Amino acid sequence: MDEEGRSQVIAQIEESRGHLHRIHRLLADLKGRNSPAESIEEDLFRVREGYHNFRLDAFDQPASEVNFNRDPVPHSLNLRFFSRTLQRTQLVGHFLVKGQEVPVHYSITGAIVLQRVDRRFKVWGTPALRYNVLLPFRYVENQGLLDSIRNDSLIHLVDSEADRDEYTQMRISAVRRSHEITRQLRGELHAQWREKEGRDLTQVMVADGMIEDLPNGELTDNFIATSRTVYVPWQNSELVESQLTIPAYRRGAVMKVTDTTEKGPNTKYTWFTRMRGKSQAGPEFGLLRTTIIADSEQDALERANAFSSCLVQERLPVTYPADNWDKLIFPHKLCNDFLESMIPTQTTVKSYFARM
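Under our numbering, the first residue of the sequence shown carries the number 1260, and numbering increases by one thereafter.
Here you go:
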């Protein structure tokens, strides 16, 4: 980390120290109680990010005859930028309104882009971090109590809303609201990148996670998303089953991803590449799913081969999924480590509210 990066970390830590005290004071004003949970809400309530809104359609056969490790496909791609988001929503307290328990959450959301030059990494632009306190406003009888945080420049007061008068549903709503904020931060950071270095289409951004729900207008040909999660609840997720038999260093069938909601079609393309094979491992071992946009099915096939070849070449010299693979080759873990270094830990937040 360079001197500028260290300065950013120190500044963020100094800011975060006052957040917990502000939330504790709000709970006291609401006549609530501290009740820190043992785990973060994202671990308890798996918000599947809307994969059920998308349908897979296979139009291609697996390229099992092409070993990208032995016979790489010529390309001019340079995996130079890497992005990842951070989202951590913690239950810290609750208050009682007419017999209804209402949760209060502390949420940290963020996004970062790293730039790689000769296998050394530096932060591109400015990491986006936002600290939030979430609660459903309609349960606060005296709205004036919220003014102390509403006018605070260091922490954002967010209405987590709630579809039903159920404590558990309110907690799920808080996670969903945090996810919306995370997407917003990520989109703003990616927009800055597209206006600058992203104009060079040979310089590729590798994002971690889901982009299926993003409008194609917000994406470019040099923007891809990767995920090591094999199963997600597509409408016809059975198509994924055949991908489990992909041999090492090959790619599976390219599948069309269609948005079936009113926003559709917003078509994208996704496929799996087996980054490494091992005799004593489960069928998901070494699979990496890549998602892109393309002008046509033929364009998608050509780009799938180029990106698969590029990804397989990038796995050396450290092989997937060794412990340091992310850190040295695909630095999404490095992205996460940098963001985590700028915020209070989960244990710190829990301990603060447990002893107050």
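Ideal placement from N, C-alpha and C gives every residue a C-beta, glycine not left out.
Just so we're clear, the structure is a prediction, and the values are computed from it rather than from any experiment.
From which residue to which residue does the alpha helix (DSSP H) around V1351 run?
Mapped onto the sequence shown, residue 1351 falls at position 92. Unbroken run through V1351 is the beta strand (DSSP E), 1337-1356; no alpha helix (DSSP H).
Report yes if the CB atom of I1505 is closer than 7 Å to the CB atom of R1533, and no otherwise.
As a position in the sequence shown, residue 1505 is number 246, starting the count at 1. As a position in the sequence shown, residue 1533 is number 274, starting the count at 1. Yes, the pair counts as a contact, with Cβ atoms nearer than the cut-off.
Looking only at C-alpha atoms, which of E1439, N1481, S1432 sits nearest to F1396?
As a working mapping, residue 1396 is identified with position 137 in the sequence shown. Nearest option by C-alpha distance: S1432.
Which same chain residues end up closer than 7 Å to D1319 when comparing Cβ atoms and leaving out the 5 residues on each side of it in sequence?
Taking the sequence shown and counting its residues from 1, the one referred to as residue 1319 is at position 60. Around D1319: A1512, V1513, L1560.
Determine the direct distance from the alpha carbon of V1491 to that of I1299, and round the result to whole angstroms.
To locate residue 1299, count along the sequence shown from 1; it is residue 40. To locate residue 1491, count along the sequence shown from 1; it is residue 232. When rounded, the distance between both Cα atoms is 21 Å.
Compare the Cα-Cα distances from L1473 to each of N1401, L1498, R1423, I1551 and report the closest residue.
Here residue 1473 corresponds to residue number 214 of the sequence shown, with the count starting at 1. When only C-alpha atoms are compared, the closest one is I1551.
Would you mind giving the Cβ-Cβ distance between F1544 and K1537, rounded to the nearest angstrom? I have them listed as a contact below 8 Å.
In the sequence shown, counting from the first residue as 1, residue 1544 sits at position 285. In the sequence shown, counting from the first residue as 1, residue 1537 sits at position 278. Contact holds; Cβ gap of about 6 Å.
Please name the residue in H1278, L1404, E1573 whose C-alpha comes closest to that of I1414.
Numbered from 1 along the sequence shown, position 155 holds the residue referred to as residue 1414. Nearest option by C-alpha distance: H1278.
Which whole-angstrom value is the C-beta distance of G1457 and N1475, which I expect to be below 8 Å?
As a working note, residue 1457 is residue 198 in the sequence shown. As a working note, residue 1475 is residue 216 in the sequence shown. Not confirmed; about 15 Å, so no contact.
Less than 7 Å separating the beta-carbons of L1285 and I1408?
As a first step, residue 1285 must be located in the sequence shown, where it is residue number 26. As a first step, residue 1408 must be located in the sequence shown, where it is residue number 149. Yes. Within cutoff.
Counting Cβ pairs closer than 8 Å, one from the region 1320-1340 and one from the region 1452-1472, do we hit at least three?
They touch, by the three-pair rule.
Within the chosen definition, does the region 1320-1333 reach the region 1428-1447 through at least 3 CB pairs nearer than 8 Å?
As far as the Cβ criterion goes, the region 1320-1333 does not touch the region 1428-1447, which means the pair count is below three.
Which one of A1370, R1378, Q1605, R1510 has the shortest CA to CA distance from V1571?
Counted from its first residue, the sequence shown places residue 1571 at position 312. Checking every option, the nearest Cα to that of V1571 belongs to R1510.
Apart from the five residues just before and just after L1598, which ones in its own chain have a Cβ nearer than 6 Å to its Cβ?
As a position in the sequence shown, residue 1598 is number 339, starting the count at 1. Counting only Cβ-Cβ distances below 6 Å, and skipping sequence neighbours, we find L1345, G1369, I1371.
Once DSSP output is grouped into helix, strand and coil, what is the label at V1491?
Taking the first residue of the sequence shown as position 1, residue 1491 is located at position 232. Three-state result, V1491: coil.
Is it true that the CB of E1471 sits closer than 7 Å to the CB of V1434?
Within the sequence shown, the letter at position 175 stands for residue 1434. Within the sequence shown, the letter at position 212 stands for residue 1471. Against a cut-off of 7 Å, the Cβ pair of E1471 and V1434 comes out as no contact.
If you count every other CB in all the chains shown that lies within 10 Å of the CB of I1378, and 16 or more means buried, which is it?
On the sequence shown, position 119 is the one that residue 1378 refers to. In the sequence on display, residue 1378 carries Arg and not Ile. The residue in question, R1378, is exposed, as its Cβ has fewer than 16 Cβ neighbours within 10 Å.
By the three-class DSSP mapping on this structure, what secondary structure does V1382 have?
As a first step, residue 1382 is located in the sequence shown; it is residue number 123 there, counting from the start. Of the three classes helix, strand and coil, the one that applies to V1382 here is strand, per DSSP.
Please state whether the Cβ-Cβ distance between R1343 and C1594 is less than 7 Å.
Against the sequence shown, residue 1343 aligns to sequence position 84. Against the sequence shown, residue 1594 aligns to sequence position 335. Taking 7 Å as the Cβ cut-off, R1343 and C1594 qualify as a contacting pair.
Check the DSSP bridge columns for T1550 and list the partner residues they point to.
Position 291 of the sequence shown, counted from the first residue, corresponds to residue 1550. Partner(s): A1484, T1529.
Using the three-state DSSP reduction, which class does P1580 fall into: helix, strand or coil?
Within the sequence shown, numbered from 1, the residue matching residue 1580 stands at position 321. Confidence in P1580 is poor, its pLDDT being 48 and thus under 50, which makes the residue's placement too unreliable to answer from.
Nearest-angstrom Cα distance between D1424 and H1353?
Position 165 of the sequence shown, counting from 1, holds the residue named residue 1424. Position 94 of the sequence shown, counting from 1, holds the residue named residue 1353. If you take the alpha carbons of D1424 and H1353, they lie about 14 Å apart.
Pull the bridge partners of P1362 from the DSSP assignment, please.
The residue you call residue 1362 lines up with position 103 of the sequence shown. According to DSSP, which records beta bridges pairwise, P1362 is partnered with H1353.
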